[in-house]
Amino acid sequence: MEASAYMKRHWPWIVVLSFLISLPFFSSEYVMVVAMQIFIWGVFAISYDLLIGYSGIVSFGHAVFFGTGAYTSALLMLKADLSFWASLPVIIIVCGLLGLMIGLLTLRFSDIYFTMITLAIGQFFYFIVIKTYKFSGGDDGLHGLPMILPEKIHLYFLALAFLLLIYLFSRRLIGSPLGATLVAMRENEFRAKMIGYNILTYKLIVLVISGIMAGLAGAMDAAILRSVFPGFMHADTTLNVILMTIIGGMGSLIGPVLGAALVTVGQQYLSSYFESWLLIFGVVFVLIVLFLPKGIVGVRSVLALKAPVGGDSSRSEAKSGVPPR
Amino acid sequence: MLSTGLYLNLVLNGLSMGMLYFLLCSGFSLVFGFLRVLNFAHGSLIMWGAYLGVFLAATLSSFSGGIVLTAITIGVFAVSIEYFLIRRLYGNELFQLLLTFGLIFILDQIIKLIWGPAVTPIQPPRYLQGSLMIFGEPFTIYRLFIIAMGTIICLSIYLVFNKTKLGLIIRAGIESREMVRALGIDINRIFTLVCGIGGVLAGIAGFVLGYFSGLSPEMGINQIINILVIVVIGGLGSFTGTAVAAIIVGLTESFVGFYMPEFAVVGIFIVMFVVLSIKPSGLFGEV
């Protein structure tokens, strides 16, 4: 592609990226910290979108992976004197196995079980963290994690690179045959099964990938805050990631990142004026569920009355086509 | 070895917890069984029942008046949620899940806004305070009241289900909605009605719970988790299963709490893991 054509097609990306790259050179440290939170929550929301938006699996306990990643990394750094980088492969293994276990326990029966049980498993892990005080620091969490990079600005670019990497990886994943199979399963699980796809295997694969991403996001968050709290595991963390994904627009990968930005900024600024800022987001969430199923990234296609990108506008029809039991 | 008195005490404690769990789960299980809607906001409805119940009982200065008025209010509230919100999304399970989940935010935050984030202990009326001696061990009267309430509600549900025309329609609807509709019954009105019954049950359960455990803005999310686990153990869509699982979980918690108090909060999850690994569809679930 020619350079000018490339510019023409991708100019919004180039503008946004140059803005983000230059941001730390003119902004305050506070803005930088908020931006890093957005990047990390963006990754977490992308991992959630892979499940809910592309595979149609609804997890209400995704914080389990986020928290497990954060605690694994923090414990390895504090108790085993490993470096942050050395803890990453361990996180990948631990979160991958966790996803496999949860999936095997619940997904083999039905998706509804998965949805119900993930909420319970999330709270189970939360209790475990609170109860194992000596090991996990209980309610207080773990503090004083070493700086993983010498300067804050390095951390900023690490977080930005992390988000870009996960985003590009997820796009490739969705574009791959695996991604196409996932979408086929979401649209009509029964038909996909009849064609000969092993539904459970594909669901487990996507759950493991999503779990690993969320775990890495948790570890990054721990590294940036230099502490972990049991709140990482709490249902509120799951609530936040669901808010981000749905408000931004599920099944679009970029939507959840926008949602992460909106919710994080909203939380930072609204919470100082209005204690119940979550109420506002709750109302927005319900309105979006009722009237704007593709979130804010779907607004454009609603306005232009065009078929939304991804071609899953038929989802509601496909679902309602299932005869009631 | 346990003395008979202590053993009986543990069983009674477990039974009272089981009955409380049954009260909490019954509305959720009924709504799921009939509408196939997982109402994640059921915990929040229960919390509203608790806060509103304590408020109404204090305003009316009547415990029994409070429980009736709470049940009616939460019932009407549940009907309006079904009529204005859930009804728009029949046939779209994913968005129904998300909608009831989103309602948790709104309902819980309004509680915090009105009553504040503090945890408030609540005393039951004088005639339900104190304890009785049963076989040489003290047993709180309020727990006996919970067992009585659970039994009354369980019996009423059984009678409505098996002895009335409405119960007949509901049972038929659980088997096959299409058939009920084909026989000329306006099933949408039955949907709304069942949601209302679910709300009434949530109101009663919340009222009983509020006077038992006190008020806290976390109780909604905590209870919905207990409810989900119990319903999964009992088997989705089986009302009997829910009742049996509630009693099992109550008894387990009572005994685990006595022998290993540290693990009392996770006892319920352990029961779930055991049941799911043996019978993935739950105790009474259809496979």
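Chains as they are written, first to last, in the working numbering: chain V, 2 to 326; chain A, 447 to 733. Note that CB positions come from ideal geometry on N, CA and C, so glycine has one too.
With 16 other Cβ atoms within 10 Å as the buried cut-off, status of residue i
i         : result
Asp112(V) : buried
Gly140(V) : First, the residue type needs correcting, since residue 140(V) is Asp and not Gly in the sequence shown. Burial call: exposed.
Gln569(A) : exposed
Ala504(A) : exposed
Glu318(V) : For Glu318(V), the predicted structure reports a pLDDT of 41, less than 50, and the residue's modelled location is therefore unreliable. A value from the coordinates is still provided. Label assigned to Glu318(V): exposed.
Thr265(V) : buried
His155(V) : exposed
Gly687(A) : buried
Ser475(A) : buried
Ser622(A) : exposed
Gln575(A) : exposed
Pro231(V) : buried
Trp42(V)  : buried
Gly511(A) : exposed
Gly176(V) : exposed
Thr116(V) : buried
Cβ shell of residue i (< 8 Å), same chain only, five flanking positions each side left out
i         : result
Val720(A) : none
Arg109(V) : Leu201
Leu52(V)  : Ile58, Val59, Ser60, His63, Val207, Leu208, Ser211
Gly260(V) : Ala46, Leu244, Met245, Thr246, Ile247, Ile248, Gly249, Gly250, Gly296, Ile297
Ile580(A) : Gly451, Leu454, Asn455, Leu458
Ile650(A) : Leu469, Gly495, Ile513, Thr516, Ala517, Met595, Ile599
Nearest-angstrom Cα separation, counted from residue j out to residue i
i         : j         : result
Leu491(A) : Phe501(A) : 15 Å
Leu174(V) : Met251(V) : 16 Å
Arg564(A) : Leu682(A) : The residue asked about is misnamed: residue 564(A) is Ala in this sequence, not Arg. Taking the straight line from one Cα to the other gives about 35 Å.
Ser273(V) : Tyr588(A) : 42 Å
Gly495(A) : Gly145(V) : 43 Å
Ile513(A) : Gly656(A) : 11 Å
Leu578(A) : Asn455(A) : 11 Å
Gly256(V) : Ile297(V) : 7 Å
Leu240(V) : Phe61(V)  : 8 Å
Gly619(A) : Phe480(A) : 6 Å
Val310(V) : Leu254(V) : Only weak support is given to the placement of Val310(V): the predicted model assigns it a pLDDT of 48, under 50, and the question is left unresolved by the model.
Leu21(V)  : Gly104(V) : 37 Å
Gly666(A) : Tyr7(V)   : 52 Å
Gly630(A) : Met493(A) : 37 Å
Gly537(A) : Gly197(V) : 26 Å
Ile92(V)  : Leu205(V) : 18 Å
Val209(V) : Thr182(V) : 16 Å
Met595(A) : Ile633(A) : 30 Å
Ile598(A) : Leu226(V) : 53 Å
Ile15(V)  : Glu152(V) : 26 Å
Ser508(A) : Leu498(A) : 13 Å
His11(V)  : Phe523(A) : 50 Å
Leu452(A) : Leu271(V) : 54 Å
Glu583(A) : Phe701(A) : 16 Å
Close Cβ partners of residue i (< 7 Å) along its chain, the five nearest in sequence each way excluded
i         : result
Gly613(A) : Val606, Phe607
Ala717(A) : According to the sequence as given, residue 717(A) is Val; it is not Ala. Same-chain partners within the cutoff: Ile679, Ile694, Val695, Thr698.
Ala487(A) : Thr546, Leu549, Ile550, Leu553
Val477(A) : Val483, Asn485, Val640, Cys641, Gly644
Ile200(V) : Met186, Glu190, Ala193, Lys194
Ala689(A) : Phe468, Cys600
Ile670(A) : Phe486, His488, Gly489
Pro324(V) : Its pLDDT being 41, under 50, Pro324(V) is placed unreliably in this model, and the value from its coordinates should be taken loosely. Excluding residues within five positions, none has a Cβ falling inside 7 Å.
Close-in-space but distant-in-sequence residues of the same chain around residue i (CB under 6 Å, 5 per side omitted)
i         : result
Ser137(V) : Val130
Gly54(V)  : Met251, Gly252
Tyr114(V) : Thr107
Ser662(A) : Val565
Asp269(V) : According to the sequence shown, residue 269(V) is Gln rather than Asp. Around Gln269(V): Val35.
Pro571(A) : Phe509
Residue i Cβ short of 7 Å to the ligand COA heavy atom set
i         : result
Val514(A) : This structure lacks the ligand COA; in fact it carries no ligand of any kind.
Interfacial residues, the segment 251-283 of chain V to chain A, with Cβ spacing under 8 Å: Taking 8 Å as the Cβ-Cβ cut-off against chain A, the residues of the segment 251-283 of chain V that qualify are Glu276, Ser277, Leu279, Leu280, Phe282, Gly283.
Beta carbons nearer than 9 Å to chain A: which residues of the segment 107-130 of chain V have them? Listed by position, the residues of the segment 107-130 of chain V near chain A (Cβ gap below 9 Å) are Thr107, Arg109, Phe110, Ser111, Asp112, Ile113, Tyr114, Thr116, Met117, Ile118, Leu120, Ala121, Ile122, Gly123, Gln124, Phe125, Phe128, Ile129.
By the 8 Å beta-carbon criterion, what residues does the segment 217-237 of chain V contribute toward chain A? Per Cβ criterion, the list reads Ala236.
Using a Cβ cut-off of 8 Å, which residues of the segment 675-687 of chain A contact any Cβ in chain V, in chain order? For the segment 675-687 of chain A, the set of positions with a beta-carbon nearer than 8 Å to some beta-carbon of chain V reads Val675, Val677, Val678, Leu682 in chain order.
What are the complete beta strand (DSSP E) segments, minimum 3 residues, inside the segment 518-589 of chain A? Complete beta strand (DSSP E) runs here, min 3: 577-580, 583-586.
Residues in the segment 713-725 of chain A having any Cβ partner in chain V nearer than 8 Å: Cβ proximity to chain V below 8 Å picks out Phe715, Met718, Phe719, Leu722, Ser723 from the segment 713-725 of chain A.
Mind listing which residues of the segment 647-668 of chain A have their C-beta closer than 7 Å to chain V's C-betas, in chain order? Along the segment 647-668 of chain A, going in chain order, the ones with a CB nearer than 7 Å to a CB of chain V are Ile667.
Please give me, in chain order, every unbroken run of the alpha helix (DSSP H) with length at least 4 that falls completely inside the segment 450-491 of chain A. When DSSP assignments are scanned along the segment 450-491 of chain A, the uninterrupted stretches of alpha helix (DSSP H) that are 4 or more residues long and fall wholly within it turn out to be 450-481.
Note down, one range per segment and in chain order, each alpha helix (DSSP H) of at least 4 residues found wholly within the segment 592-680 of chain A. Whole alpha helix (DSSP H) segments, 4+ residues: 611-621, 623-628, 633-659, 665-680.
Can you pull out the residues from the segment 52-80 of chain V whose beta carbon lies closer than 9 Å to at least one beta carbon of chain A? The segment 52-80 of chain V vs chain A, Cβ under 9 Å: Ile53, Gly57, Val59, Phe61.
Please identify, using Cβ separations under 7 Å, the residues of the segment 162-185 of chain V that lie next to chain A, in order along the chain. Answer set for the segment 162-185 of chain V: empty.
Taking only beta carbons into account, state which residues of the segment 462-477 of chain A come closer than 9 Å to chain V, listed in chain order. Correct list: empty, as no residue qualifies.
Where the segment 548-566 of chain A meets chain V: residues whose CB sits under 9 Å from a CB there: Listed by position along the chain: Gly548, Leu549, Ile550, Phe551, Ile552, Leu553, Asp554, Gln555, Ile556, Lys558, Leu559, Pro563.
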